[in-house]
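Peer 1:
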Amino acid sequence: MSSVGSSAKLDFEAPGKGPWELESTHFSRPVTSFAQAAFAEGFVRGFREGTARYGLLLDHFEPGYAGAFLYIQPVAFGAPAGAMGPPPKPVLQLLTRLHPAMRKRIARSAEAIESKLWRQDLTRWDEVDKPAAVTEHRAIQAVDVAALSDEDLGQHLVVCARHMTASVYLHHKYTVPAAFPVGDFLAGATAWTGLTSGELLGLLRGRSAISRGFAALELEDAGKAIASSDPARAIVAGPSASREKLAALAADPVAGPAVSVYLDAVRWRSVGYDVADKTAGEMPDMLVAALGAAVGGLSSSPDEDTGLATIRELVAEEHREDFDDRLGEVRLIYRLRDERAAYSDGWATGLARRALLEAGRRLTASGRLHHPEHGVQLTADEGVALLRAQPGPRPEEVVERHQRWESHTIDDAPPFLRAMPSPPPPVEWLPKRAHRSARAMNIFVDNLFTVPDTANTETVLSGLAVNTGIYEGPARLVSSPADFDRVQPGDVLVTRMTSPYFNVVLPLLGAIVTDRGGQLSHAAIVAREYGIPGIVGTREATARIPDGARVRVDGTTGEVRLLG
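Going letter by letter, the sequence shown gives residues 1 to 564 in UniProt numbering.
#1: Specify, as a first and last residue, the run of the beta strand (DSSP E) that residue 20 falls within.
#2: Please report the distance separating the alpha-carbon of residue 273 from that of residue 342.
#3: Straight-line CA distance for residue 404 to residue 412?
#4: For residue 323, which three-state DSSP category applies?
#5: Could you please give the first and the last residue of the uninterrupted beta strand (DSSP E) stretch that includes residue 383?
#6: Is the stretch 328 to 336 in contact with the stretch 247 to 265, if contact means three or more CB pairs nearer than 8 Å?
#7: Could I get the ranges of all uninterrupted alpha helix (DSSP H) runs contained in the stretch 305 to 382, with 4 residues as the minimum, in chain order?
#8: May I ask which residues mark the beginning and end of the alpha helix (DSSP H) holding residue 472?
#9: Please report the distance separating the alpha-carbon of residue 323 from that of residue 243.
#10: Would DSSP call residue 121 helix, strand or coil?
#11: What do you reckon, are the CB atoms on residue 538 and residue 479 nearer than 8 Å?
#12: With respect to the alpha helix (DSSP H) encompassing residue 69, which residues constitute its N-terminal and C-terminal limits?
#13: Measure the beta-carbon distance from residue 375 to residue 363 and round it to whole angstroms, keeping in mind my assumption that it falls under 8 Å.
#14: Measure the C-alpha to C-alpha separation of residue 170 and residue 18 and round it to an integer number of angstroms.
#15: Which one or two residues does DSSP pair with residue 65 in a beta bridge?
#16: Just to confirm, are residue 352 and residue 147 a CB contact at a threshold of 8 Å?
#17: May I have the straight-line CA-CA distance separating residue 567 from residue 145, to the nearest angstrom?
#18: Which residues share a DSSP beta bridge with residue 509?
#19: Is DSSP giving residue 241 helix, strand or coil here?
#20: Which ranges would you report for the alpha helix (DSSP H) in the stretch 111 to 180 if only whole runs of at least 4 residues count?
#21: Measure the beta-carbon distance from residue 451 to residue 463 and round it to whole angstroms, keeping in mind my assumption that it falls under 8 Å.
#22: Have a look at residue 348 and residue 90 and give me their C-alpha separation to the nearest angstrom.
#23: Let me check one thing: in DSSP terms, what residues is residue 465 bridge-paired to?
#24: Residue 516 and residue 492 - do their beta-carbons sit closer together than 8 Å?
#25: What three-state label does DSSP hand residue 547 in the structure shown?
#26: Can you give the Cα-Cα distance for residue 4 and residue 407, rounded to whole angstroms?
#27: Can you name, in chain order, every residue of its own chain whose Cβ lies under 7 Å from the Cβ of residue 68, other than the five neighbours on each side?
#28: Please name the residue or residues paired with residue 514 in a DSSP beta bridge.
#29: Do you know how far the Cα of residue 116 is from the Cα of residue 454?
#30: Could you have a look at residue 26 and say whether DSSP puts it in helix, strand or coil?
#31: Taking C-alpha atoms, which residue in 510, 499, 442 and 438 lies nearest to residue 469?
#32: From residue 531 to residue 157, what distance separates their C-alpha atoms?
#33: Give me the Cα-Cα distance between residue 1 and residue 377, rounded to the nearest whole angstrom.
#34: What's the C-alpha gap between residue 331 and residue 184?
#35: Residue 497 to residue 103, Cα distance in whole Å?
#36: Assuming residue 199 is part of the alpha helix (DSSP H), what are its boundary residues?
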């Protein structure tokens, strides 16, 4: 793509008082204005509802932007804006024992555990919120954006913006219900068995089918259909361009119906959290490769009961019933972690991108933008104004936004602004009724982000091992979802982090290696579901492993060895 002008400089002024931490799980590049608006509103409202419902002393994470990168600040319930950390122990003890709102909040946490509130939430997700979200996604997807007038396209942009905000809200409304039972199980089981979280999380294999791909069942059906058709198998193996292959497969009398169902399910799903990230349908090479891999049959999820009897024996008799109960609850809820993303903002973001690209195409033709791709750098209101030929951002200004997004990554942003946020107060400072919920959320967050500090060498990197076994193969360095088209069957994915939207490439992988993330990171979850070796939290894999280099991933030692 041609570019105009010089890359915009980044301003990393803190977005407000207090300490700010770079948010590294959602956006790997500067965030577009369109996504900023959706995330700022939907994220806070959804997360805050969840913490209130479960009586957590963490109220929410306040989002802010510096250099267009997302920073967050933990906000405790009742804390003043920009607080540098929890109050001193005597003050916190008085507040949590005497303040009526604090007492009510803590009582609510105990009630949530007693009633197993997450079961109600899962029922609502399955029977109300997920079906309603899918209906809305499909209604928007059914709109032929190319056939809309400029005025109607502008209004469609507004609809997509509202829908994306509502979808971000839905995603984070279910963050606490998805996280709490996982943390509750780990908090108890690590204490009762002496095992690590990684050793215990193997018991959850097979409980999150969505983590194997947001259209894993459709892909499996398409693979079987292609395998039963000689012409379809020849199309996959043939020399045609990938787009031509997809069209021919969809037209095949035998394989076509199943292939079409798969393509309709993934075509407008975003492979990132931002409208600047591509949709799966924009990556035909990757889709053909996934279909080809499915012809041979996808790997089955390992048996999650392997080792359960041995682990139960480590639990004292007095705690065994509690262990069984918590394991049952976490197995029930575990799928919600990735489902809440795949059925909410992952789909909505892709649909918003489709509308913005159509606006970009028209505005480029009229000379109001320099390239159709620059449409994703507009807000909905800007898109409406430009489509109406009203005043709006100059093409050069939009170019600067695009260059900022294209030329910078999360590695260019400081990890903290003003100061590092303080950890939560020690559980022992809190009233006894608050201990269980505090321990649950603390261990969940620790296993989401914490990485080992073992020193790496020029040829060996250490991280957290996910699954035993050894795999050797070519490293495929993926700095953003735009690189997915380069992933080939058998590659070792080497990336900073993964999101649920990486699922579209998972059927192709032999192993996963990441810089960031702990045993509850998305990369760790999917490695378990596929039963492939994974090493997460190496800190430096993307900096030390060249694209295409051969590597050995050792799931027993937690090491990645560069072979050459």
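Glycine included, C-beta positions come from ideal geometry on N, C-alpha and C.
Since the structure is predicted, the reported quantities are computational estimates derived from the model, not experimental observations.
Peer 2: Concretely, from the data shown:
#1: In the sequence shown, counting from the first residue as 1, residue 20 sits at position 20. Taken as a continuous stretch (DSSP letters only), the beta strand (DSSP E) holding residue 20 covers 20 to 22.
#2: Here residue 273 refers to the residue found at position 273 when the sequence shown is read from its first residue. Here residue 342 refers to the residue found at position 342 when the sequence shown is read from its first residue. Distance between the alpha carbons of residue 273 and residue 342: 11 Å.
#3: Residue mapping note: residue 404 aligns to position 404 of the sequence shown, counting from 1. Residue mapping note: residue 412 aligns to position 412 of the sequence shown, counting from 1. C-alpha separation (whole angstroms): 11 Å.
#4: For the purposes of this step, residue 323 is taken as residue 323 along the sequence shown, with counting starting at 1. Here residue 323 sits in helix by DSSP.
#5: Your numbering for residue 383 matches position 383 in the sequence shown. Per DSSP, residue 383 belongs to no beta strand (DSSP E); it is in the alpha helix (DSSP H), 380 to 387.
#6: Counting Cβ pairs under 8 Å, fewer than three are found: no touch.
#7: 308 to 313, 317 to 333, 336 to 342 and 345 to 365
#8: By 1-based counting over the sequence shown, the position of residue 472 is 472. Unbroken run through residue 472 is the beta strand (DSSP E), 470 to 478; no alpha helix (DSSP H).
#9: Stepping through the sequence shown from its first residue, residue 323 is reached at position 323. Stepping through the sequence shown from its first residue, residue 243 is reached at position 243. Computed Cα separation, rounded: 51 Å.
#10: Here residue 121 refers to the residue found at position 121 when the sequence shown is read from its first residue. Helix.
#11: Reading the sequence shown from its first residue, position 538 is the one you call residue 538. Reading the sequence shown from its first residue, position 479 is the one you call residue 479. Result no, Cβ atoms of residue 538 and residue 479 do not sit closer than 8 Å.
#12: Here residue 69 refers to the residue found at position 69 when the sequence shown is read from its first residue. Membership of residue 69 in any alpha helix (DSSP H) is not indicated; the residue belongs instead to the beta strand (DSSP E) covering 69 to 76.
#13: Mapped onto the sequence shown, residue 375 falls at position 375. Mapped onto the sequence shown, residue 363 falls at position 363. Confirmed, Cβ separation roughly 7 Å.
#14: Locating residue 170 in the sequence shown gives position 170, where the first residue counts as 1. Locating residue 18 in the sequence shown gives position 18, where the first residue counts as 1. The straight-line gap from Cα to Cα measures roughly 28 Å.
#15: Along the sequence shown, read from residue 1 onward, the residue named residue 65 stands at position 65. 70, per the DSSP bridge assignment.
#16: Start at 1 with the first residue of the sequence shown, and residue 352 comes out as number 352. Start at 1 with the first residue of the sequence shown, and residue 147 comes out as number 147. No, Cβ-Cβ distance for residue 352 and residue 147 is not below 8 Å.
#17: Only positions 1 to 564 of the chain appear in this structure, which leaves residue 567 out of reach.
#18: What you label residue 509 is simply residue 509 of the sequence shown in a count that begins at 1. Answer is 491, bridged to residue 509.
#19: Along the sequence shown, read from residue 1 onward, the residue named residue 241 stands at position 241. Residue state, collapsed to three classes: coil.
#20: For the alpha helix (DSSP H) assignment, the uninterrupted runs of no fewer than 4 residues enclosed by the stretch 111 to 180 are, from N- to C-terminal side, 117 to 124, 130 to 141 and 150 to 173.
#21: The residue given as residue 451 occupies position 451 in the sequence shown. The residue given as residue 463 occupies position 463 in the sequence shown. About 7 Å separates the two Cβ atoms, so the contact holds.
#22: Walking along the sequence shown from the start, residue 348 turns up at place 348. Walking along the sequence shown from the start, residue 90 turns up at place 90. Cα to Cα, the separation comes out at about 47 Å.
#23: As a working note, residue 465 is residue 465 in the sequence shown. For residue 465, which the question treats as bridged, DSSP gives the partners 535.
#24: Against the sequence shown, residue 492 aligns to sequence position 492. Against the sequence shown, residue 516 aligns to sequence position 516. It is not a contact, given that the beta carbons lie outside the stated cut-off.
#25: Along the sequence shown, one-based indexing puts residue 547 at 547. Correct three-state label for residue 547: coil.
#26: The count along the sequence shown starts at 1 and reaches residue 4 at position 4. The count along the sequence shown starts at 1 and reaches residue 407 at position 407. Here residue 4 scores only 36 on pLDDT, less than 50, and its place in the model should not be relied on; the value that follows carries that caveat. So the two alpha carbons sit approximately 13 Å from each other.
#27: Taking the first residue of the sequence shown as position 1, residue 68 is located at position 68. Closer than 7 Å at the Cβ level, and outside the excluded window around residue 68, lie 30, 31 and 404.
#28: As a first step, residue 514 is located in the sequence shown; it is residue number 514 there, counting from the start. DSSP lists 495 as partners of residue 514.
#29: Taking the first residue of the sequence shown as 1, we reach residue 454 at position 454. Taking the first residue of the sequence shown as 1, we reach residue 116 at position 116. For residue 454 and residue 116, the distance between alpha carbons rounds to 39 Å.
#30: Stepping through the sequence shown from its first residue, residue 26 is reached at position 26. Coil, per DSSP.
#31: As a working note, residue 469 is residue 469 in the sequence shown. Distances from the CA of residue 469 to each of 510, 499, 442 and 438 were compared; the closest alpha carbon is that of 510.
#32: On the sequence shown, residue 531 is found 531 positions in, with the first residue counted as 1. On the sequence shown, residue 157 is found 157 positions in, with the first residue counted as 1. Approximately 41 Å, taken between the alpha carbons.
#33: Counting from 1 along the sequence shown, the entry for residue 1 is found at position 1. Counting from 1 along the sequence shown, the entry for residue 377 is found at position 377. With a pLDDT of 37 at residue 1, under the threshold of 50, the modelled position of this residue cannot be trusted; read the value that follows with caution. Approximately 15 Å, taken between the alpha carbons.
#34: Position 331 of the sequence shown, counting from 1, holds the residue named residue 331. Position 184 of the sequence shown, counting from 1, holds the residue named residue 184. If you take the alpha carbons of residue 331 and residue 184, they lie about 12 Å apart.
#35: For the purposes of this step, residue 497 is taken as residue 497 along the sequence shown, with counting starting at 1. For the purposes of this step, residue 103 is taken as residue 103 along the sequence shown, with counting starting at 1. When rounded, the distance between both Cα atoms is 39 Å.
#36: What you label residue 199 is simply residue 199 of the sequence shown in a count that begins at 1. That run of the alpha helix (DSSP H) goes 197 to 201.
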